[in-house]
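Chemist: Chains as they are written, first to last, in the working numbering: chain A, 768 to 1010; chain B, 232 to 515.
All C-beta atoms, glycine included, are put in the ideal place defined by N, C-alpha and C.
Keep in mind it's a predicted model, so treat the numbers as computed, not measured.
(1) Going by CA-CA distance only, name the one from B/357, B/310 and B/253 that's closest to residue 333 of chain B.
(2) Would you list the residues sitting across from residue 345 of chain B in a DSSP beta bridge?
(3) Under the three-state reduction of DSSP, which class applies to residue 287 of chain B: helix, strand or coil?
(4) I want to see whether chain A comes within less than 7 Å of residue 289 of chain B, judged by CB atoms only; does it?
(5) Alpha carbon to alpha carbon, how far is residue 407 of chain B from residue 950 of chain A?
(6) Which chain A residues sit within Cβ distance under 8 Å of residue 455 of chain B?
(7) Please list, in chain order, all residues of the same chain as residue 994 of chain A whose beta carbon is under 7 Å from its beta carbon, the five residues on each side excluded.
(8) Using a Cβ cut-off of 7 Å (strictly closer), state whether residue 435 of chain B contacts chain A.
(9) Assuming residue 376 of chain B contacts residue 422 of chain B (C-beta within less than 8 Å), just tell me the rounded distance between them.
(10) For the candidate residues B/265, B/486, B/416 and B/326, whose alpha-carbon lies nearest to that of residue 433 of chain B?
(11) Please list the terminal residues of the continuous alpha helix (DSSP H) segment that includes residue 998 of chain A.
(12) Between B/282, B/256, B/266 and B/308, which lies nearest to residue 239 of chain B when the distance is taken from Cα to Cα?
(13) Say whether the segment 253-264 of chain B touches the segment 290-303 of chain B, bearing in mind that this needs 3 or more beta-carbon pairs closer than 8 Å, one atom from each stretch.
(14) Taking DSSP as the reference, what is the three-state secondary structure of residue 883 of chain A?
(15) Determine the contact status of residue 472 of chain B and residue 964 of chain A, defining contact as a CB-CB distance below 7 Å.
(16) Let me make sure I understand the geometry here. Which of A/844, A/894, A/913 and A/987 has the alpha-carbon closest to that of residue 873 of chain A?
(17) Within 10 angstroms of its Cβ, does residue 315 of chain B collect 16 or more other Cβ (buried), or is it exposed?
(18) Measure the beta-carbon distance from residue 812 of chain A to residue 903 of chain A and round it to whole angstroms, keeping in mind my assumption that it falls under 8 Å.
(19) Compare the beta carbon distance of residue 507 of chain B and residue 500 of chain B with 7 Å and say whether it is the shorter of the two.
(20) Alpha carbon to alpha carbon, how far is residue 439 of chain B from residue 418 of chain B?
(21) Are the segment 932-942 of chain A and the segment 865-872 of chain A touching by the rule of at least three beta carbon pairs closer than 8 Å?
(22) Using three-state DSSP, classify residue 418 of chain B as helix, strand or coil.
(23) Which residues, taken in chain order from the segment 416-442 of chain B, show a beta carbon closer than 8 Å to some beta carbon of chain A?
(24) Could you tell me whether any Cβ in chain B is nearer than 7 Å to the Cβ of residue 967 of chain A?
(25) Thinking residue 494 of chain B and residue 364 of chain B are a contact (beta carbons under 8 Å), I'd like their distance in whole angstroms, please.
(26) Classify residue 900 of chain A: buried if its beta carbon has 16 or more other beta carbons within 10 angstroms, exposed otherwise.
(27) Whole angstroms is fine: what's the gap from residue 839 of chain A's alpha carbon to residue 831 of chain A's?
(28) Is there a Cβ of chain A sitting closer than 7 Å to that of residue 294 of chain B, yes or no?
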């Protein structure tokens, strides 16, 4: 496969990872982490995703060892992923893990990454609008730093992933809102129907029937719509429906 | 002037103006995001940003359309004298935006039962009632097929054997309907009616429907009640409950009985239901 084909292939895989329109986070994260090394000619990649609290961040890696490293780094609150997420800016700061300042900056992350054979890291933000929601970290064991082409392509991949995840979340949100609206409207319908049933059973005006329904639900600490549904389905407490 | 009505109109005006301002803010934000993606799209290998920019530009357009509807409604509310009978309806500005006097929305459940309706005028409301009673019509078809529907003249009758003749006898010469879509789901339909035959539906119908979907569902300040203009047919459902309790049939069968009676007597389901609720109609 040419590099272009490989990139197109990765885009398709990323888009497909949320194809059912669900914002199942692990899907795109692990696709990104596992595809990135071959695509970008790096040795390993990790992804952290923390749209809310950093403690609740999710992580994935291109191999089990880096995956574990990234998970632990979340707990340590250090490493390229953590810093890039916190900085919320995102110049592509490449870091040599062999340098002293790096060891001081990430005292736990650096030795572990070196033990795994990685000497260079770079963090690329997954951004939504201007907010950094997650980070793609590339790791390399080469002597030299990452070439610019890797960074450009990596950025592209990170941006695309962020967009895919945002879209999937929007789809989720609209599904939730649709279900809530339908439920709210259907509840009102059922409550009116139950009022009619009770008004007839008790031979009382509709507003009194509503009072009966509401008092019954309140005294049993149950949602009005559940009690109303039981009334219209003939499964309600006889105290409420039988004279 | 009715003082309580006057207070109410001030409330409606302020709320509509605020919603217009918020919609414009959302439009500006979407435009800013689009601009950022347009810049990114200029770089090699980042062409997909152009597509994303386009999506955000469309979102911005949609928010601006919502803002215009809210502005128009605010103007109507401000001009309202406060009298009950002339209370401004949000659907009136929706109809105007579509370039037609008669527009209605129906909010539907997953089985496409009407849960609520809002209409700009008597004609649109009567047409929605026909769909409610007969379970067929332009709104139903648009929602079921997830696509626009437009029919004129005798084709209306051919398409909907029950509902069609009644629509024509109301003086309706053309109908156009679009689904109210939120991602993959459909929450209902916007339908417009014209007493003149037309070759196509209103140009902006889909755009207005999209703005309306934001206004009733998707926006943070969404208002499915449309400023009190949405009707869930409380009386009809109360009557269905009463008939069910009297006859021992299920509530859905009782509802079907009311609809059938309305159809055969050529009156609205509200009329039949009103008579049941007020005791003027003992048994169905």
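Modeler: According to the structure shown:
(1) Taking the first residue of the second chain as 1, we reach residue 333 of chain B at position 102. Looking at the Cα atoms, B/357 is the closest of the given residues.
(2) In the second chain, the residue the question calls residue 345 of chain B occupies position 114. B/339, per the DSSP bridge assignment.
(3) Counted from its first residue, the second chain places residue 287 of chain B at position 56. Residue 287 of chain B: helix per DSSP, three-state reduction.
(4) Here residue 289 of chain B refers to the residue found at position 58 when the second chain is read from its first residue. Not one chain A Cβ lies under 7 Å of residue 289 of chain B.
(5) Counted from its first residue, the second chain places residue 407 of chain B at position 176. Counted from its first residue, the first chain places residue 950 of chain A at position 183. In a straight line, the C-alpha of residue 407 of chain B is about 28 Å away from that of residue 950 of chain A.
(6) Here residue 455 of chain B corresponds to residue number 224 of the second chain, with the count starting at 1. Chain A residues near residue 455 of chain B: 948, 951 and 952.
(7) Taking the first chain and counting its residues from 1, the one referred to as residue 994 of chain A is at position 227. Same-chain partners within the cutoff: 980, 983, 984 and 1003.
(8) In the second chain, residue 435 of chain B corresponds to position 204, counting from 1. Not one chain A Cβ lies under 7 Å of residue 435 of chain B.
(9) Within the second chain, numbered from 1, the residue matching residue 376 of chain B stands at position 145. Within the second chain, numbered from 1, the residue matching residue 422 of chain B stands at position 191. About 14 Å; that fails the 8 Å criterion.
(10) Reading the second chain from its first residue, position 202 is the one you call residue 433 of chain B. Checking every option, the nearest Cα to that of residue 433 of chain B belongs to B/326.
(11) The residue given as residue 998 of chain A occupies position 231 in the first chain. Taken as a continuous stretch (DSSP letters only), the alpha helix (DSSP H) holding residue 998 of chain A covers 991-999.
(12) Working through the second chain from its first residue, we reach residue 239 of chain B at position 8. That would be B/308, whose Cα lies nearest to the Cα of residue 239 of chain B.
(13) Cβ pair count under 8 Å is three or more, so yes.
(14) Locating residue 883 of chain A in the first chain gives position 116, where the first residue counts as 1. Coil.
(15) Along the second chain, read from residue 1 onward, the residue named residue 472 of chain B stands at position 241. Along the first chain, read from residue 1 onward, the residue named residue 964 of chain A stands at position 197. It is a contact, given that the beta carbons lie within the stated cut-off.
(16) Working through the first chain from its first residue, we reach residue 873 of chain A at position 106. The option with the nearest alpha carbon to residue 873 of chain A is A/844.
(17) Position 84 of the second chain, counting from 1, holds the residue named residue 315 of chain B. The residue is exposed, with fewer than 16 neighbouring Cβ atoms inside 10 Å.
(18) For the purposes of this step, residue 812 of chain A is taken as the residue at position 45 of the first chain. For the purposes of this step, residue 903 of chain A is taken as the residue at position 136 of the first chain. Between residue 903 of chain A and residue 812 of chain A the Cβ distance is about 6 Å, and since that is below 8 Å, they are a contact.
(19) Within the second chain, residue 507 of chain B is the residue found at index 276, counting from 1. Within the second chain, residue 500 of chain B is the residue found at index 269, counting from 1. Against a cut-off of 7 Å, the Cβ pair of residue 500 of chain B and residue 507 of chain B comes out as no contact.
(20) On the second chain, position 208 is the one that residue 439 of chain B refers to. On the second chain, position 187 is the one that residue 418 of chain B refers to. Taking the straight line from one Cα to the other gives about 15 Å.
(21) no
(22) By 1-based counting over the second chain, the position of residue 418 of chain B is 187. Strand, per DSSP.
(23) Listed by position along the chain: 416 and 418.
(24) The count along the first chain starts at 1 and reaches residue 967 of chain A at position 200. Yes, contact with chain B.
(25) Indexing the second chain from 1 puts residue 494 of chain B at position 263. Indexing the second chain from 1 puts residue 364 of chain B at position 133. 5 Å between Cβ atoms; contact.
(26) Looking up residue 900 of chain A in the first chain gives position 133. When all chains shown are included, residue 900 of chain A counts as buried.
(27) One-based indexing of the first chain puts residue 839 of chain A at position 72. One-based indexing of the first chain puts residue 831 of chain A at position 64. The straight-line gap from Cα to Cα measures roughly 12 Å.
(28) On the second chain, residue 294 of chain B is found 63 positions in, with the first residue counted as 1. No - not a single Cβ of chain A is within 7 Å of the one on residue 294 of chain B.
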